[in-house]
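The structure under discussion appears below in the form of C-alpha cells.
There are 2 protein chains.
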Amino acid sequence: MQDRINAFVPGTSVRIEGKPGGPLSGLSFAAKDLFDVAGHPTGGGNHDWAKNYRVPTAHAWTVQALLDAGATLIGKTITDEVSLGIFGESAYDGTPLNSAAPDRVPGGSSSGSAAAVAAGLCDTALGTDTGGSVRVPSSFCGLYGIRPTHGRVSVAGLMPQAPSSDTAGWFARDAATFARVSAVLLQEAIPEALPTKLLIATDAFGFADEALAAALRPMVERLSSLLGASEEVLMAPPGLSVWGRAQRVLQPYEAWQTFQPWLESANPRLAFTVARGLIAGSQVTQEERNWANLMRQEVRGRLRYLLPAGTILCLPTTPFPAPLRGRSVPDQQADRDRILCLCAHGGLAGMPQVNLPGSMVDGLPIGLSVLGGPGTDATLIAVAKAMEEKR
Amino acid sequence: MQDRINAFVPGTSVRIEGKPGGPLSGLSFAAKDLFDVAGHPTGGGNHDWAKNYRVPTAHAWTVQALLDAGATLIGKTITDEVSLGIFGESAYDGTPLNSAAPDRVPGGSSSGSAAAVAAGLCDTALGTDTGGSVRVPSSFCGLYGIRPTHGRVSVAGLMPQAPSSDTAGWFARDAATFARVSAVLLQEAIPEALPTKLLIATDAFGFADEALAAALRPMVERLSSLLGASEEVLMAPPGLSVWGRAQRVLQPYEAWQTFQPWLESANPRLAFTVARGLIAGSQVTQEERNWANLMRQEVRGRLRYLLPAGTILCLPTTPFPAPLRGRSVPDQQADRDRILCLCAHGGLAGMPQVNLPGSMVDGLPIGLSVLGGPGTDATLIAVAKAMEEKR
Numbered sequence: 442m443q444d445r446i447n448a449f450v451p452g453t454s455v456r457i458e459g460k461p462g463g464p465l466s467g468l469s470f471a472a473k474d475l476f477d478v479a480g481h482p483t484g485g486g487n488h489d490w491a492k493n494y495r496v497p498t499a500h501a502w503t504v505q506a507l508l509d510a511g512a513t514l515i516g517k518t519i520t521d522e523v524s525l526g527i528f529g530e531s532a533y534d535g536t537p538l539n540s541a542a543p544d545r546v547p548g549g550s551s552s553g554s555a556a557a558v559a560a561g562l563c564d565t566a567l568g569t570d571t572g573g574s575v576r577v578p579s580s581f582c583g584l585y586g587i588r589p590t591h592g593r594v595s596v597a598g599l600m601p602q603a604p605s606s607d608t609a610g611w612f613a614r615d616a617a618t619f620a621r622v623s624a625v626l627l628q629e630a631i632p633e634a635l636p637t638k639l640l641i642a643t644d645a646f647g648f649a650d651e652a653l654a655a656a657l658r659p660m661v662e663r664l665s666s667l668l669g670a671s672e673e674v675l676m677a678p679p680g681l682s683v684w685g686r687a688q689r690v691l692q693p694y695e696a697w698q699t700f701q702p703w704l705e706s707a708n709p710r711l712a713f714t715v716a717r718g719l720i721a722g723s724q725v726t727q728e729e730r731n732w733a734n735l736m737r738q739e740v741r742g743r744l745r746y747l748l749p750a751g752t753i754l755c756l757p758t759t760p761f762p763a764p765l766r767g768r769s770v771p772d773q774q775a776d777r778d779r780i781l782c783l784c785a786h787g788g789l790a791g792m793p794q795v796n797l798p799g800s801m802v803d804g805l806p807i808g809l810s811v812l813g814g815p816g817t818d819a820t821l822i823a824v825a826k827a828m829e830e831k832r
Numbered sequence: 442m443q444d445r446i447n448a449f450v451p452g453t454s455v456r457i458e459g460k461p462g463g464p465l466s467g468l469s470f471a472a473k474d475l476f477d478v479a480g481h482p483t484g485g486g487n488h489d490w491a492k493n494y495r496v497p498t499a500h501a502w503t504v505q506a507l508l509d510a511g512a513t514l515i516g517k518t519i520t521d522e523v524s525l526g527i528f529g530e531s532a533y534d535g536t537p538l539n540s541a542a543p544d545r546v547p548g549g550s551s552s553g554s555a556a557a558v559a560a561g562l563c564d565t566a567l568g569t570d571t572g573g574s575v576r577v578p579s580s581f582c583g584l585y586g587i588r589p590t591h592g593r594v595s596v597a598g599l600m601p602q603a604p605s606s607d608t609a610g611w612f613a614r615d616a617a618t619f620a621r622v623s624a625v626l627l628q629e630a631i632p633e634a635l636p637t638k639l640l641i642a643t644d645a646f647g648f649a650d651e652a653l654a655a656a657l658r659p660m661v662e663r664l665s666s667l668l669g670a671s672e673e674v675l676m677a678p679p680g681l682s683v684w685g686r687a688q689r690v691l692q693p694y695e696a697w698q699t700f701q702p703w704l705e706s707a708n709p710r711l712a713f714t715v716a717r718g719l720i721a722g723s724q725v726t727q728e729e730r731n732w733a734n735l736m737r738q739e740v741r742g743r744l745r746y747l748l749p750a751g752t753i754l755c756l757p758t759t760p761f762p763a764p765l766r767g768r769s770v771p772d773q774q775a776d777r778d779r780i781l782c783l784c785a786h787g788g789l790a791g792m793p794q795v796n797l798p799g800s801m802v803d804g805l806p807i808g809l810s811v812l813g814g815p816g817t818d819a820t821l822i823a824v825a826k827a828m829e830e831k832r
C-alpha cells in the first residue's frame with residue numbers, strides 16, 4: 442500500500458518510538474524530509490543536497506517535541522525539491538498519491554506528509570509552509586493543516602528556504618487529533634472560547650473559482666453562526682495579485698540567498714522549474730525588494746487592523762481544487778501564480794492560518810481557511826474543533 | 442584503466458566492427474553520446490533526456506561513415522550535459538581524465554572523446570563543436586581536433602544544440618591518423634599543397650595569457666617559415682569580447698529554442714549552470730538578437746576579407762591551459778567567458794579551424810589554431826601534417 446501512496450522518500454527507513462506515557466501516546470507521525478532526524482541524512486528532495494551536509498546528530502525541535510510527547514516517528518516524507526514547488530510533483534521521487542483524488546496532484550511542497558496522513562499511514566505529519574506548502578496540500582487532500590504564527594514554532598533543525606517566511610506546520614485527518622498535536626507543538630492548551638466575529642474576505646472568494654466559492658458557502662455560514670457575528674470585508678485593497686507579487690519578489694530572493702553557496706560550490710542538479718525559480722531570485726533588483734518590503738509592511742498593517750482580538754477572517758485556501766497530475770510546465774504556471782495570490786499574506790504577514798476540510802467541488806476536496814492575528818494559533822485550532830463537532 | 446580515465450558513459454557498452462577493407466581498417470573510434478548509434482539510446486549527458494526520445498534506429502551520418510570506412514566503434518563517450526559546458530565536468534558522469542594533466546579538466550563538451558583519444562583507448566573520436574567543444578578539449582588535452590566548415594560534415598543523427606553553430610568534429614593523437622580520418626569524413630583527399638600566407642592574429646595572442654602566447658611563438662615561427670609569408674593582423678577590430686558577446690546572445694537563444702519543448706514537457710533535472718545558461722537564452726531580447734545578427738554578418742565579412750584562397754590565420758585556441766578540476770561556479774565563470782571570446786568566431790562565421798598540439802606551458806598542453814576560409818578544411822589538415830613532419 443505504501444508503494445502505491447508513494448509518501449515516503451524511496452530508499453529511506455526510519456522508525457523512532459515516542460516516549461511512553463506522553464499526551465501523544467499511541468499516535469504515529471511522519472516528517473517531511475526537510476526536518477532533521479538524528480542519524481539520517483536530510484534529503485530536502487534533491488539527490489545532490491545530502492552530499493554536501495553532514496548527517497544530523499540531533500532531531501529538529503518539532504520532531505523531538507513530538508517524540509517527547511509520545512508520538513512515534515514512522516518515516517520521512519517526499520517533498521518538492523528544496524521546498525520549491527506547490528503541486529507536489531517531484532522530478533526525483535515522483536508524485537505522492539492524493540487519496541481523495543487519485544488523478545490529481547497532492548499539492549506541495551509538503552506532498553508526502555499530506556499523502557501519508559490522507560492515506561491513513563500515520564496520524565499526523567510535519568510539513569513546512571513558506572508560501573503555502575502546508576495550506577495548499579491540506580486543501581487539495583482534504584486535511585486539517587496549520588501554518589503557525591511566524592516564529593511561534595521553532596524551525597531549529599529545519600532546512601531553510603526563505604527564513605522571513607519559513608514556518609513548520611502539521612496535518613491531521615480529524616480535529617481531535619489535530620488539537621492534541623497542536624497543543625504539544627504550540628505548547629499551549631487549546632481554549633474552549635471561540636472568536637466572536639468572522640470576517641469574510643470578499644476579494645479572496647471572488648478570486649477563487651465561482652464553483653469553489655459556492656461550495657464553501659455552507660461552511661462559511663456554519664462558521665458565521667458558530668461565532669455569532671460576521672462581516673464582509675476587502676482583505677487586500679491593492680489587489681491579491683499585488684500581495685502575490687510582493688511575496689514573489691521576497692521569497693525567491695531569500696531562497697537565492699539561502700541556496701547560492703550550495704549552487705555555486707556543488708553545481709547540483711535541479712528540476713528545470715526549480716532552477717528557474719532560484720535564478721529568478723538571483724535577478725531580483727534592490728528596487729523591487731524595496732517595493733516588496735513596503736508592501737509587506739502594508740499587508741501586516743492591513744491584517745492587524747482587520748484582526749483585533751476576537752476576530753478571525755475566512756477565505757478559500759486555494760482558488761480551485763487539486764489540478765490533474767502530469768501537466769506541462771506552462772500549463773502549471775498560471776495556476777501556480779493564482780494559488781500564490783491566495784497564500785502570499787502568510788509569508789508577508791506571518792499570521793497563523795488553519796485549513797478546514799469538509800467541502801468538495803466536483804468530488805474533489807477544497808478547504809476553507811481561518812486566519813487570525815499573531816499568536817492566535819490555539820484559537821484557530823479551537824475553531825477547527827468546534828466546526829467539526831457542528832458537522 | 443578505462444575506469445580511471447572515465448571517458449565512456451557509465452553503464453553503456455557499445456562495440457560495432459567496421460566494414461572490412463576500408464581506408465580506416467584497423468582504426469578504432471568512439472562517439473560522443475550526442476551521436477546516434479542504432480539500438481542504443483542517445484543520452485546527451487542528461488539522465489532525463491533519453492526517457493523522452495526513442496532509441497535511434499539508424500547511426501548518425503558520421504558514425505556510419507567511419508564504420509563504412511572500416512573503423513570500429515568501441516564506445517559512447519561522456520559529454521557535458523546537452524553539450525552545454527566548456528570544462529568537461531559532468532554533474533552526472535563525473536570528469537573524464539586529462540591524461541596530459543591529471544589534475545586539470547579535459548575541456549568540454551566533447552570531454553570523453555578527447556579523454557579517450559588522449560589516453561590511447563581509441564585512435565579517433567567524434568565530438569561536436571558549437572561554441573568550442575572540440576577546439577577547447579583539443580587544446581587542453583594536447584590533441585589534433587577539427588571544427589569543420591559549417592554544413593560541410595553532416596550533422597544528421599546528432600542531438601542539436603544551436604543549429605546555426607552546431608558542427609561535428611573529431612580528435613586524433615597524430616597528424617597521420619587525423620588526416621586518414623579527415624579524408625573520410627570530409628570526403629576529400631588531403632592535398633599536398635599548403636597555403637602561401639600566414640596571418641598572425643595579434644589581438645588574439647594579446648588576449649591570451651602572456652606565458653601561453655610566448656610558448657606558442659616557436660610554433661608560429663615554424664608555421665610561418667613553412668608557408669613562406671606571414672603578416673600580423675587585427676582579427677576582430679571591434680574587440681574579441683564584442684564577438685564573444687554576439688555568440689553569447691545567439692547560441693543560448695538557439696539552445697533555448699531547441700530545448701524549450703523538452704524542458705516544458707518533462708521538467709528535467711539539469712545542473713544549475715546548465716539551467717542558468719538555458720534560462721539566459723530564454724531571456725534574450727529581440728533587440729539583442731538583432732544586434733548579434735548584424736555582428737555575425739560583420740564577423741563573416743571580416744574573416745572572408747582576411748582569408749582569401751591561400752591565406753590562413755593562426756591564433757591561440759584557448760587563452761590559457763586547462764584549469765584545475767573541481768573549482769566553484771563563480772571561479773569558472775570568468776574563465777569560461779574568456780575562452781568563449783577566442784572561440785566565438787567559429788559559431789559566428791562557420792569557418793573551419795584545426796587545433797595543432799605540440800606546445801606546453803608550465804607542463805600543460807596548449808594548442809595553436811589555424812583558421813581558413815569556408816571549405817578549406819582539407820588544406821588545414823595538410824598544414825597539420827606538414828607541421829608534424831617538421832617537428
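Protein chains in written order, with my numbering: chain A, 442 to 832; chain B, 442 to 832. A virtual CB, placed ideally from N, CA and C, is assigned to each residue, including glycine. Model, not experiment: these values are computed from the prediction.
If we cut at 8 Å on Cβ distances, does residue 532 (chain B) have a partner in chain A?
Within the second sequence, the letter at position 91 stands for residue 532 (chain B). At least one chain A Cβ lies under 8 Å of residue 532 (chain B).
What residues of chain B sit near residue 714 (chain A), judged by a beta carbon separation below 8 Å?
Working through the first sequence from its first residue, we reach residue 714 (chain A) at position 273. Near residue 714 (chain A) (Cβ distances below 8 Å), the residues of chain B are 708.
Open item on the list: Using only CA atoms, which one of A:656, A:709, A:638, A:600 lies nearest to residue 533 (chain B)?
Closed with: Taking the second sequence and counting its residues from 1, the one referred to as residue 533 (chain B) is at position 92. For the residues A:656, A:709, A:638, A:600, the minimum Cα distance to residue 533 (chain B) belongs to A:709.
*asked:* Taking the straight line between their C-alpha atoms, what separation do you get for residue 798 (chain A) and residue 656 (chain A)?
replied: Along the first sequence, one-based indexing puts residue 798 (chain A) at 357. Along the first sequence, one-based indexing puts residue 656 (chain A) at 215. So the alpha carbons of these two residues sit roughly 12 Å apart.
**Message:** Let me make sure I understand the geometry here. Which of A:473, A:738, A:489, A:555 has the alpha-carbon closest to that of residue 705 (chain A)?
**Reply:** For this step, residue 705 (chain A) is matched to residue 264 along the first sequence. Answer by Cα proximity: A:489.
* Compare the Cα-Cα distances from residue 746 (chain B) to each of B:620, B:792, B:788 and report the closest residue. => For the purposes of this step, residue 746 (chain B) is taken as the residue at position 305 of the second sequence. Residue B:792 is the option with its Cα nearest to residue 746 (chain B).
Fill in: Cβ separation of residue 545 (chain B) and residue 787 (chain B), assumed to be a contact under 8 Å, to the nearest whole Å
The sequence position of residue 545 (chain B) within the second sequence is 104, counting from 1. The sequence position of residue 787 (chain B) within the second sequence is 346, counting from 1. With 8 Å as the limit, residue 545 (chain B) and residue 787 (chain B) do not qualify as a contact, their Cβ atoms being about 22 Å apart.
**Report entry** Counted within 10 angstroms of its Cβ, other Cβ atoms place residue 496 (chain B) as buried (16 or more) or exposed
**Finding:** If you number the second sequence from 1, residue 496 (chain B) lands on position 55. Exposed.
With a threshold of 8 Å between beta carbons, is residue 704 (chain B) in contact with chain A? Residue mapping note: residue 704 (chain B) aligns to position 263 of the second sequence, counting from 1. By this cut-off, residue 704 (chain B) is an interface position.
* **Segment contact flag, the segment 758-774 of chain B with the segment 541-558 of chain B, C-beta cutoff 8 Å, min 3 pairs** => yes
So what does DSSP say about residue 784 (chain B), is it helix, strand or coil? The residue given as residue 784 (chain B) occupies position 343 in the second sequence. Looking at residue 784 (chain B) - three-state DSSP - the assignment turns out to be helix.
Since residue 756 (chain B) and residue 645 (chain B) are thought to touch, with beta carbons under 8 Å apart, how far apart are those beta carbons, to the nearest angstrom? Translated into positions along the second sequence, residue 756 (chain B) becomes position 315. Translated into positions along the second sequence, residue 645 (chain B) becomes position 204. Indeed, because the Cβ distance is near 4 Å, the residues count as touching under 8 Å.
key: Proximity of residue 516 (chain A) and residue 568 (chain A) at Cβ, strictly below 8 Å   = Your numbering for residue 516 (chain A) matches position 75 in the first sequence. Your numbering for residue 568 (chain A) matches position 127 in the first sequence. In this structure, residue 568 (chain A) does not lie closer than 8 Å to residue 516 (chain A) by Cβ.
Taking CB distances under 8 Å as the criterion, tell me whether residue 771 (chain A) reaches chain B.
Residue mapping note: residue 771 (chain A) aligns to position 330 of the first sequence, counting from 1. Cβ-Cβ to chain B under 8 Å: yes for residue 771 (chain A).
### Message
Quick check on DSSP: helix, strand or coil for residue 580 (chain B)?
### Response
Position 139 of the second sequence, counting from 1, holds the residue named residue 580 (chain B). Helix at residue 580 (chain B).
Anything in chain B within Cβ reach of residue 720 (chain A), meaning under 8 Å, just list it in chain order. Taking the first sequence and counting its residues from 1, the one referred to as residue 720 (chain A) is at position 279. Simply 716, 717, 720.
* Asked: residue 711 (chain B) CB to nearest chain A CB: under 8 Å?
  -> The sequence position of residue 711 (chain B) within the second sequence is 270, counting from 1. Closer than 8 Å to some Cβ of chain A, the Cβ of residue 711 (chain B) qualifies, so yes.
Do residue 465 (chain B) and residue 594 (chain B) come within 8 Å of each other at the CB atom, strictly closer than that value?
-> As a working note, residue 594 (chain B) is residue 153 in the second sequence. As a working note, residue 465 (chain B) is residue 24 in the second sequence. Cβ distance not < 8 Å, so residue 594 (chain B) and residue 465 (chain B) don't count as in contact.
**Asked** Is residue 735 (chain A) buried or exposed, if buried means 16 or more other CB atoms sit within 10 Å of its CB?
**Response** Here residue 735 (chain A) refers to the residue found at position 294 when the first sequence is read from its first residue. Residue 735 (chain A) comes out exposed.
Where do the ends of the beta strand (DSSP E) carrying residue 518 (chain A) lie?
The residue given as residue 518 (chain A) occupies position 77 in the first sequence. Note, residue 518 (chain A): beta strand (DSSP E), 513-518.
Can you tell me whether residue 638 (chain B) is helix, strand or coil according to DSSP? Residue mapping note: residue 638 (chain B) aligns to position 197 of the second sequence, counting from 1. Strand.
Tell me whether residue 694 (chain A) sits in a helix, a strand or coil according to DSSP, three-state version. The count along the first sequence starts at 1 and reaches residue 694 (chain A) at position 253. If DSSP states are grouped into helix, strand and coil, residue 694 (chain A) belongs with the helices.
Item checked: Proximity to residue 591 (chain A) [Cα-Cα], best of A:802, A:812, A:773 -> As a working note, residue 591 (chain A) is residue 150 in the first sequence. The residue with the shortest Cα to Cα distance from residue 591 (chain A) is A:812.
Is residue 533 (chain B) helix, strand or coil when you go by DSSP?
Here residue 533 (chain B) refers to the residue found at position 92 when the second sequence is read from its first residue. The answer is coil: DSSP assigns residue 533 (chain B) none of H, G, I, E or B.
- With a CB to CB cut of under 7 Å and the five nearest residues on each side skipped, what residues in its chain are close to residue 664 (chain B)? Start at 1 with the first residue of the second sequence, and residue 664 (chain B) comes out as number 223. Around residue 664 (chain B): 639, 755, 828.
Which ranges does the beta strand (DSSP E) cover as unbroken runs of at least 3 residues, wholly within the segment 717-774 of chain B, from first to last along the chain? 752-757
- Alpha-carbon spacing of residue 552 (chain A) relative to residue 573 (chain A), whole angstroms: Mapped onto the first sequence, residue 552 (chain A) falls at position 111. Mapped onto the first sequence, residue 573 (chain A) falls at position 132. If you take the alpha carbons of residue 552 (chain A) and residue 573 (chain A), they lie about 12 Å apart.
In the DSSP assignment, find the unbroken beta strand (DSSP E) run with residue 473 (chain A) in it and report its ends. Locating residue 473 (chain A) in the first sequence gives position 32, counting from the first residue. Taken as a continuous stretch (DSSP letters only), the beta strand (DSSP E) holding residue 473 (chain A) covers 469-473.
Quick check on the burial criterion: 16 or more other C-beta atoms within 10 angstroms. Buried or exposed for residue 796 (chain A)? Start at 1 with the first residue of the first sequence, and residue 796 (chain A) comes out as number 355. Its Cβ being crowded by 16 or more others within 10 Å, residue 796 (chain A) is buried.
Assuming the contact rule is C-beta atoms closer than 8 Å, residue 457 (chain B) and residue 717 (chain A) should be a hit. Round their C-beta distance to whole Å, please.
The sequence position of residue 457 (chain B) within the second sequence is 16, counting from 1. The sequence position of residue 717 (chain A) within the first sequence is 276, counting from 1. 40 Å between Cβ atoms; not a contact.
Under a three-way DSSP split, which group does residue 822 (chain A) fall into? Counting from 1 along the first sequence, the entry for residue 822 (chain A) is found at position 381. Helix, per DSSP.
- Query: Tell me the DSSP bridge mates of residue 417 (chain B)?
  - Reply: Examination of residue 417 (chain B) is not possible in this model, given that chain B is present from 442 through 832 alone.
Top-ranked residue by Cα proximity to residue 804 (chain B), from B:789, B:479, B:581: Looking up residue 804 (chain B) in the second sequence gives position 363. Closest option to residue 804 (chain B), Cα to Cα, is B:581.
Review point. Comparing alpha-carbon positions, which option in B:713, B:662, B:658, B:722 lies nearest residue 687 (chain B)?
Key: For the purposes of this step, residue 687 (chain B) is taken as the residue at position 246 of the second sequence. Of the listed residues, the one whose Cα sits closest to residue 687 (chain B) is B:722.
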